[in-house]
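Single-structure report; data block below.
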Amino acid sequence: MKFRRSERLVDMTNYLLEHPGELVSLTFFSERYQSAKSSISEDLTIIKETFEQRGIGSLTTIPGAAGGVKYMVSIKEEDVAAFIDGLCETIASPERLLPGGYLYMTDILGDPQTVNKVGRIIAARYAKANVSVIMTMATKGISLAYAVANYLNVPVVIVRRNNKVTEGSTVSINYVSGSSKRIQTMVLSKRSLVEGSNVLIVDDFMKAGGTMKGMVSLLEEFKATVAGIAVLVESEHNEERLIEDYISLIRLSEVDERDKKINVSRGNYFPND
Numbered sequence: 177m178k179f180r181r182s183e184r185l186v187d188m189t190n191y192l193l194e195h196p197g198e199l200v201s202l203t204f205f206s207e208r209y210q211s212a213k214s215s216i217s218e219d220l221t222i223i224k225e226t227f228e229q230r231g232i233g234s235l236t237t238i239p240g241a242a243g244g245v246k247y248m249v250s251i252k253e254e255d256v257a258a259f260i261d262g263l264c265e266t267i268a269s270p271e272r273l274l275p276g277g278y279l280y281m282t283d284i285l286g287d288p289q290t291v292n293k294v295g296r297i298i299a300a301r302y303a304k305a306n307v308s309v310i311m312t313m314a315t316k317g318i319s320l321a322y323a324v325a326n327y328l329n330v331p332v333v334i335v336r337r338n339n340k341v342t343e344g345s346t347v348s349i350n351y352v353s354g355s356s357k358r359i360q361t362m363v364l365s366k367r368s369l370v371e372g373s374n375v376l377i378v379d380d381f382m383k384a385g386g387t388m389k390g391m392v393s394l395l396e397e398f399k400a401t402v403a404g405i406a407v408l409v410e411s412e413h414n415e416e417r418l419i420e421d422y423i424s425l426i427r428l429s430e431v432d433e434r435d436k437k438i439n440v441s442r443g444n445y446f447p448n449d
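Per the working numbering, residue 177 is the first one in the sequence shown, and the count goes up by one each step.
Structure (structure tokens):
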């Protein structure tokens with residue numbers, strides 16, 4: 177079946193979006209659409225220009241017999257800023273206050289469009305970091321981890337508080353919680369992480385950073401490297417932050433139960449904010 181150019185462009189775009197970070201040869205597209213490589217190259221030029229103009233991502237062409245084209249996600253800074261500002265407004269609603277000064281976030285972390293956008297924003301920051309795995313704790317941050325992993329086209333590993341028989345043999349460490357100062361345990365299946373992996377840690381919320389520091393220590397047991405640490409919300413903490421190199425989309429600076437006031441602002445995703 178011979179494809180028309182319009183059909184090729186639609187299908188090729190869809191394929192690239194579904195396979196981020198994957199090197200796709202021109203031969204693959206040529207055989208898929210029964211078209212000459214010169215026509216495929218022209219199509220890719222159109223897609224590349226459109227992606228860059230719309231802030232969808234970038235296409236990198238790698239020459240040679242083993243070369244091809246690779247799609248990497250990106251997003252315009254103005255779109256990120258608008259999204260974060262809107263999310264700050266949503267989180268600042270007094271109705272989100274729960275007893276004990278906690279915030280209700282389940283609806284946000286359960287909304288596919290919101291989680292997908294957060295995932296794209298984080299993934300865009302680390303698109304060129306050669307991330308091989310996303311790591312998160314077995315908490316509400318799991319949906320965010322999978323959203324980021326989808327845009328980077330890498331697997332997710334989940335750190336747990338205790339052993340599960342379905343995980344097989346595990347590696348466990350003790351760490352000190354940054355906020356409560358309690359000694360806690362985290363475990364990870366030995367089969368879930370290959371030695372030397374380049375790992376991006378993703379979570380929904382961070383206080384002092386004790387859990388993040390614990391995951392960094394756990395990665396040392398696997399001889400893995402930390403590609404980065406990214407959180408949706410960081411809480412300003414009176415004590416010293418246990419980690420320094422991380423990005424956050426939103427900063428929670430004050431929760432006043434009595435006056436029903438929540439102060440939130442942009443995190444450090446934009447360094448000058």
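We put the beta carbon where it would ideally sit given N, CA and C, even for glycine. Here the structure is a predicted model, which means the values were calculated and not measured.
Where the beta strand (DSSP E) containing residue i begins and where it ends
i, result
"phenylalanine 381", "374-382"
"lysine 399", "Looking at the DSSP string, lysine 399 is not in any beta strand (DSSP E), and its letter there is neither H nor E."
Backbone CA spacing between residue i and residue j [nearest angstrom]
i, j, result
"glycine 385", "glycine 243", "41 Å"
"valine 200", "valine 186", "16 Å"
"methionine 313", "arginine 336", "6 Å"
"threonine 237", "alanine 212", "17 Å"
"leucine 425", "valine 440", "11 Å"
"serine 429", "serine 217", "50 Å"
"threonine 401", "proline 196", "22 Å"
"lysine 316", "glutamate 207", "43 Å"
"serine 365", "serine 345", "6 Å"
"glutamine 360", "lysine 383", "15 Å"
"alanine 299", "phenylalanine 259", "15 Å"
"threonine 282", "valine 392", "26 Å"
"lysine 340", "valine 333", "14 Å"
"lysine 252", "leucine 273", "32 Å"
Helix, strand or coil at residue i according to DSSP, with G and I counted as helix
i, result
"serine 234", "strand"
"methionine 313", "strand"
"glutamine 360", "strand"
"leucine 369", "coil"
"glycine 286", "coil"
"isoleucine 251", "coil"
"valine 330", "coil"
"glutamate 410", "strand"
"asparagine 350", "strand"
"arginine 417", "coil"
"leucine 273", "strand"
"glycine 344", "coil"
"glycine 385", "coil"
"glycine 240", "coil"
"arginine 184", "helix"
"lysine 178", "coil"
"leucine 220", "helix"
"leucine 199", "coil"
Residue i: CB within 7 Å of a non-hydrogen atom of the ligand COA
i, result
"valine 335", "Within the structure as shown, the ligand COA is missing, as the structure has no ligands at all."
Residue range of the alpha helix (DSSP H) that includes residue i
i, result
"tyrosine 208", "In the sequence on display, residue 208 carries arginine and not tyrosine. Segment 202-209, the alpha helix (DSSP H) holding arginine 208."
"serine 308", "Premise fails: serine 308 is in no alpha helix (DSSP H) and is neither H nor E."
Per DSSP, the bridge partner or partners of residue i
i, result
"asparagine 339", "Partner(s): none; asparagine 339 has no beta bridge."
"aspartate 432", "Lys437"
"asparagine 190", "Paired residue(s): none; asparagine 190 is not in a bridge."
"leucine 320", "Bridge partners of leucine 320: none, in fact."
"serine 424", "Val407"
"valine 245", "Val200 and Thr237"
"tyrosine 278", "Leu274"
ask   = Are the stretch 291-309 and the stretch 361-378 touching by the rule of at least three beta carbon pairs closer than 8 Å?
value = yes
message = Could you check whether the stretch 389-401 touches the stretch 346-355, counting it as contact only if at least three pairs of C-beta atoms, one from each stretch, sit closer than 8 Å?
response = At 8 Å Cβ cutoff, the stretches touch.
query = Is it a yes or a no for the stretch 282-300 touching the stretch 321-328, going by three-plus beta-carbon pairs under 8 Å?
reply = yes
task = Would you check if the stretch 222-231 and the stretch 268-277 touch, i.e. whether three or more CB-CB distances between them fall below 8 Å?
result = no
query = Should the stretch 251-268 be called in touch with the stretch 204-220, which here means at least 3 C-beta pairs below 8 Å?
reply = No, they do not touch.
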